[in-house]
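Numbering (the numbering used here), first residue to last: 25 to 146.
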């Protein structure tokens, strides 16, 4: 037990916390090994810095937490996905990328100029 009464932090517990959509003061307290009062102050700091998409006192959206950490969107994927699901997830992502239709919003401007010069359309 930690000095604040939390169980030891391990992979399984971390996975439980990050599987949630919303973090509570207790969750933040466990992650930072601090009291719930200190965790509440930390949540307020995070909301001031990155915004508050929930608008609920004592609650923090997981994406606001990740934004506060300034993490790349894929940084946690390998860590928080079960190994057996990781390869399937990467395969599905590759398939989705290959099936994306080309549009003026996703095509670089020099490529659009080349296409336009040849008289083709996207």
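Positions of the beta carbon are idealized from the N, C-alpha and C atoms, including for glycine.
As assigned by DSSP and simplified to three states, the class of residue 78 | coil
Among the residues of its own chain, which have a CB less than 8 Å from the CB of residue 59, if the five just before and after it don't count?
-> 28, 53
Which stretch, first to last residue, makes up the beta strand (DSSP E) that contains residue 83?
-> 83–85
Starting from the Cα of residue 92, find the closest Cα among 56, 122, 135, 72 and give me that residue.
-> 72
What are the start and end residues of the beta strand (DSSP E) that includes residue 131?
-> Per DSSP, residue 131 belongs to no beta strand (DSSP E) and is neither H nor E.
What first and last residue would you give for the alpha helix (DSSP H) that runs through residue 49?
-> Residue 49: member of the alpha helix (DSSP H) spanning 49–56, first to last residue.
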